[in-house]
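Visitor: One structure, as structure tokens, below. Some questions next.
Residue numbers (the numbering used here): -16 to 471.
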């Protein structure tokens, strides 16, 4: 790793981030990073606890003169989203993230950077290690598996923490202070099908959709970005309706909380339609690219003949049902909030579509800051897929975080931000899934707030962290620690 990262200011923050990014930390495989954080806490001689689900708590006493301040919980999650470009050779299970500086940005070479939520983790580590930063008593809470189910937050029991204030360091705009977030539920549709032999006089084609921006399925859902699964389905639907296209395989998207960037399909068409099919596809591709020319300038759609025919294709009845269901299933913003300006209330991300070996799988992540609206959309999706014979299940449901505009710690942060920057911060609720709502179920009296440095392109290989923003954010953190209210 280049020393240019470690030489960035503030060095305490960037050095801890570099240390952390050397440790593989995929969601649900956090054993190494848990051990890393425990070794870190024990190495400092601080009380270090691992709870029964794998969360790590490190406790540090107040610095002299700060003993009468309220105990605070500083919280971030250890896992990171793993996404890479198709042409990037990288093993997230064994390799550390390869970072570099690009102007005001820190980026990774062809992969996600892990600034979400690695910069938050690094911040807490730097404070715990410090000997010259004034602060009250701290309970550092490092949760696991935030990105694929929030099972760490869900498994944290009441009574482990004594803090009265929680500082969640997991948002991505440095001029925003978050006081609320969306909840979510996984919607999964599955069914089997009878594979059929490929008809005689068939031609095989490979269809590729790639080059999309992707991004965070909560924070970026309102930006009009392309969804590779919906674009692919549009191509397949037209090919089926007009030319009798039959599907052999589909492999689209990856993680539920990432807007799909790529989709790949293997299909067949009768050889009598060869020229007409290819011409029609090019016309549709031109239309789609024209629609997305502003938001997705790098979109690539390729339809090319395969070197050999696939071994089998889908049953036509199941295929038609799938294509119509994916077409009907809502993707993107479903409802805007009536209470907070420019806040997405409810949305869905059709994240994963897999057809292979007699099995259909469609995975969605439905988000909402209103629990009833979340399940209203989830039921709409369920209905669309059940009509095609799919079995639909709901899983991984977690609650949102209801905004508290009268939060005492909010007033502290607003005052500090305004004094430091000469402008007031934007007080917002976000459409991402923060852990505050879940943590609040077992700690209902804890005053919670969320903030962080500017991070762009989270959950995609374009993820990048602003260096100047990290400096601004670090200054903000230090002033907050010095101004925690006295115990009431």
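Ideal Cβ positions, reconstructed from N, Cα and C, are used throughout, including at glycine.
What do you get for residue 7, buried or exposed, if any count of 16 or more other CB atoms within 10 angstroms of its CB means buried?
Guide: So residue 7 counts as buried.
Visitor: Report yes if the CB atom of residue 40 is closer than 8 Å to the CB atom of residue 32, and no otherwise.
Guide: Yes, the pair counts as a contact, with Cβ atoms nearer than the cut-off.
Visitor: Within a Cβ cutoff of 6 Å, which residues of the same chain sit near residue 336, ignoring the five residues on either side of it in sequence?
Guide: Hits under 6 Å: 212, 233, 235, 345.
Visitor: Alpha carbon to alpha carbon, what distance is there between residue 287 and residue 298?
Guide: Their Cα atoms are separated by approximately 23 Å.
Visitor: With DSSP as the reference, label residue 440 as helix, strand or coil.
Guide: It is coil, neither helix nor strand.
Visitor: Would DSSP call residue 7 helix, strand or coil?
Guide: In the structure shown, residue 7 sits in coil (DSSP, three-state: anything other than H, G, I, E or B).
Visitor: Does any residue of chain C have a CB that is nearer than 8 Å to the CB of residue 110?
Guide: In summary, chain C is missing from the structure at hand, where a single protein chain is found.
Visitor: Which residues in the same chain as residue 437 place their Cβ atom closer than 7 Å to its Cβ, once the five residues preceding and following it in sequence are excluded?
Guide: Only 155, 156, 157, 449, 452 meet the Cβ criterion.
Visitor: Pick from 113, 116, 324, 106: whose alpha carbon is nearest that of residue 125?
Guide: Per the Cα distances, 106.
Visitor: Quick one: give me the first and last residue of the beta strand (DSSP E) that residue 78 is part of.
Guide: Where residue 78 is concerned, there is no enclosing beta strand (DSSP E), given that its DSSP letter is neither H nor E.
Visitor: DSSP three-state label for residue 134, please.
Guide: Reduced to three states, the DSSP call for residue 134 is helix.
Visitor: So, using beta-carbon positions, are residue 162 and residue 432 closer together than 8 Å?
Guide: The answer is yes: Cβ separation under 8 Å.
Visitor: Name the DSSP bridge partner or partners of residue 356?
Guide: In the DSSP output, where bridge partners are listed per residue, residue 356 has none listed.
Visitor: For residue 147, which residues in the same chain have their Cβ closer than 7 Å to its Cβ, ignoring the five residues on either side in sequence?
Guide: If we look at residue 147 and ignore the five residues flanking it on each side, its Cβ neighbours are 53, 54, 429, 430.
Visitor: Give the DSSP bridge partners of residue 66, in chain order.
Guide: In DSSP, residue 66 forms no bridge with anything.
Visitor: Residues in the same chain with beta-carbon distance under 8 Å from residue 474, minus the five sequence neighbours each way, listed in chain order, please.
Guide: A question about residue 474 goes unanswered here, because the residues of the chain that appear run from -16 up to 471.
Visitor: For residue 286, report the span of its beta strand (DSSP E) as first-last.
Guide: That run of the beta strand (DSSP E) goes 283 to 288.
Visitor: What number of angstroms, rounded off, separates the C-alpha of residue 191 from the C-alpha of residue 56?
Guide: The straight-line gap from Cα to Cα measures roughly 47 Å.
Visitor: If you measure between the beta carbons of residue 407 and residue 383, is that distance less than 8 Å?
Guide: Taking 8 Å as the Cβ cut-off, residue 407 and residue 383 do not qualify as a contacting pair.
Visitor: When DSSP builds the beta bridges, which residues end up paired with residue 431?
Guide: Note: residue 431 sits in a beta bridge opposite 149.
Visitor: Under 8 Å between the Cβ atoms of residue 473 and residue 118?
Guide: Because residue 473 is not part of the residues shown, which for the chain are -16 to 471, the question remains open.
Visitor: If you draw a straight line from the alpha carbon of residue 471 to that of residue 425, how long is it in whole angstroms?
Guide: Straight-line Cα distance between these residues: approximately 21 Å.
Visitor: Could you tell me the alpha carbon to alpha carbon distance between residue 422 and residue 144, rounded to whole angstroms?
Guide: The straight-line gap from Cα to Cα measures roughly 11 Å.
Visitor: Which residues does DSSP list as the beta-bridge partners of residue 97?
Guide: Partner(s): none; residue 97 has no beta bridge.
Visitor: Since I believe residue 68 is in contact with residue 468 (beta carbons under 8 Å), could you give me their beta-carbon distance rounded to a whole number of angstroms?
Guide: About 47 Å separates the two Cβ atoms, so there is no contact after all.
Visitor: Is it the case that the region 310 to 323 contacts the region 181 to 197, given that we only count it when at least three CB pairs across the two stretches are under 8 Å?
Guide: Too few Cβ pairs lie closer than 8 Å, so no.
Visitor: Taking residue 94 as the reference, give the member of 180, 409, 404, 9 with the closest Cα.
Guide: Measuring from the Cα of residue 94, the nearest candidate turns out to be 9.
Visitor: In the DSSP assignment, what are the bridge partners of residue 315?
Guide: Answer is 331, bridged to residue 315.
Visitor: Quick check on the DSSP output: the beta strand (DSSP E) that includes residue 413 runs from which residue to which?
Guide: That run of the beta strand (DSSP E) goes 409 to 413.
Visitor: Determine, using beta-carbon pairs with one atom in the region 83 to 102 and one in the region 387 to 398, whether at least three such pairs fall under 8 Å.
Guide: These segments do not touch.
Visitor: Would residue 264 and residue 219 be called neighbours here (beta carbons separated by less than 8 Å)?
Guide: No.
Visitor: Give me, in chain order, the residues of the same chain whose beta-carbon lies closer than 6 Å to that of residue 326; leave out the 5 immediate sequence neighbours on both sides.
Guide: The answer, listed in chain order, is 320, 412.
Visitor: Could you tell me which residues DSSP pairs with residue 90 in its beta bridges?
Guide: In the DSSP output, where bridge partners are listed per residue, residue 90 has 83, 447.
Visitor: Helix, strand or coil for residue 57, going by three-state DSSP, please let me know.
Guide: Residue 57: strand per DSSP, three-state reduction.
Visitor: Quickly, what does DSSP pair residue 189 with across the bridge? List them, please.
Guide: Looking at the DSSP assignment, residue 189 forms a beta bridge with 249, 287.
Visitor: What are the partner residues of residue 348, as DSSP defines its beta bridges?
Guide: DSSP lists 169, 332 as partners of residue 348.
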